[in-house]
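Chains as they are written, first to last, in this note's numbering: chain A, 1 to 225; chain B, 1 to 225. We put the CB at the ideal spot given by N, CA and C, even for glycine. To start, the structure itself, in structure tokens.
2 protein chains.
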Amino acid sequence: MKRLIYDARLKSVPEPTLRRLPIYHRYIKELKKDHWTFVSCTDIGEEFKLEPTQVRKDLEVTGIVGKPRVGYPIAALIAAIEEFLGFNNVNEAFLVGAGSMGAALIGYDKFQDYGLNIVAAFDNDAAKIGKIVHGKTILAIHKMPDMARKMHILIGIITVPGSAAQEVADLMIQGGICAIWNFAPVRLRVSDNIIVHNEDLYCSLASLSQKVAQAIRLRAEEMPS
Amino acid sequence: MKRLIYDARLKSVPEPTLRRLPIYHRYIKELKKDHWTFVSCTDIGEEFKLEPTQVRKDLEVTGIVGKPRVGYPIAALIAAIEEFLGFNNVNEAFLVGAGSMGAALIGYDKFQDYGLNIVAAFDNDAAKIGKIVHGKTILAIHKMPDMARKMHILIGIITVPGSAAQEVADLMIQGGICAIWNFAPVRLRVSDNIIVHNEDLYCSLASLSQKVAQAIRLRAEEMPS
DNA sequence: TAGATTGTTAATCGATTAACAATC
DNA sequence: TAGATTGTTAATCGATTAACAATC
């Protein structure tokens, strides 16, 4: 049973794994509060209706080593997930678009725990510039690229309308930003060294909508009135 | 080349397909504005860097029939996607949790186009009840289940803190709601006839965080200072 | 010791991609 | 007609699940 250190360059981690790890992390932190010291894949799998094997595969990428018969030491496991997901090195981020979604995100104070610190917010609307939102002053967008470069900002959050998103993305990249969390309903055209995460609520809603529509269709067939 | 009508009961549509269709839909509507009449999978694939075959497979689920050599008639294709995704039968929804995220969602006026109409918003905070947000009065949460049942509401949106989410979900289901769009960072325990869509921004952020952390690690290795 | 769980390899499943005849 | 694109089947790829020896 030799064990190789996981080398992230060889193979990128599956996206489903990346999205399950924070779920596990949350649960395991709860267990720690309840003074558990070990947790098994069976425990985690039962909580989220997942196969223990899948949980084990997921945890494997963090490099954690477990004990047969008992599971994984909780404190070490939490640390391994946090280290792997980059929660420890908190990165500073700029947010552009101080509308209601932007304001909501500025207010998410737990983002810090996940490696994100929104240090400034920008807008192009004179009515918004200078206003304070959740303790942060909204700055003029034209200041953003220079500030980003000076402050070595790596992450940008886009919460502007779709029509302005590409322009904002270009400015961010100009300022040295290399990862964009995009809430605008637009696919951004960027070079492929830029990480883009689309949070397109309309697409998510469309998927929900289809399932509801299908459920209604099936129900109508089963009970013809 | 016989063609069977797609029967949604036989096989559920892959989630990736459901999330790509609205993207195509948006693009094709743009093309229609520019007076295109036909669009091919090659066109769509080039726009989004996808294989034409994949686009074709995706469009197939809508039942649209194309013309070899020219592609799909734009107007019919838009109609087919909208019908398939359930954009035509707009469903009424209740939103619970009038915090900043709730307020942002109430303000998303395009949700109607995707089959969702937020008709009422609720909260348990006396300070919020009675307030008007984006033209909608915030109601007391205790009124929600009865109102949902009387108004035949099918969709619930949860934007409360994680600690309250399960309780809200239970109330929604009690009111006859069968589909939940959950923005709280919690996995809801519901019976499996309830559709749950988790919009867990922390998980999404964690995935972004990991990629940024990895990019930084690689960069550090490539340029040792 | 007995048995539950780990680590790891193999099999399965589902989604993507390739191949190609049909066709406009 | 020639050739691009559809519709459809087969091959590939990647993620999930199953199997099982090692082990505490």
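Item	Value
For a test of the three-state rule: what should DSSP assign to L139/A, helix, strand or coil?	strand
At what residues does the beta strand (DSSP E) containing E92/B begin and finish?	91–96
Per DSSP, F38/A forms a beta bridge with which residues?	P73/A
Do you know how far the Cα of F122/A is from the Cα of P52/A?	45 Å
At a CB-CB cut-off below 7 Å, which residues of chain A make contact with C203/B?	R19, P22, I23
For a minimum of 4 consecutive residues, which ranges assigned as the alpha helix (DSSP H) are wholly contained in the segment 110–179 of chain B?	144–151, 162–174
Taking DSSP as the reference, what is the three-state secondary structure of K67/B?	strand
Any beta carbon from chain A within less than 8 Å of E60/B's own beta carbon?	no
Does the beta carbon of C41/B sit closer than 8 Å to a beta carbon anywhere in chain A?	no
Let's test the definition: count the other Cβ atoms within 10 Å of the Cβ of S12/B and tell me whether it reaches 16, buried, or not, exposed.	exposed
For K11/B, decide whether its Cβ has a neighbour in chain A, counting only Cβ atoms nearer than 8 Å.	no
Give me the residue from V186/B, Y202/B, T17/B, C203/B with the minimum Cα distance to V196/B.	V186/B
Would you give the residue range spanned by the alpha helix (DSSP H) that I216/A belongs to?	201–222
M172/B: buried (16+ other C-beta within 10 angstroms of its C-beta) or exposed?	buried
Please decide whether A206/A counts as near chain B, where near means a Cβ-Cβ distance under 8 Å.	yes
Nearest to L139/B by alpha carbon, out of G45/B, Y114/B, I158/B, L95/B?	L95/B
Check whether the Cβ of L50/A lies closer than 8 Å to any Cβ atom in chain B.	no
Could you pull the start and end residues of the alpha helix (DSSP H) that I106/B belongs to?	100–107
Rounding to the nearest angstrom, what Cα-Cα distance links R219/A and P16/B in this structure?	25 Å
Alpha carbons only, please: which of A213/A, C178/A, C41/A, A164/A is nearest the one belonging to D192/A?	C178/A
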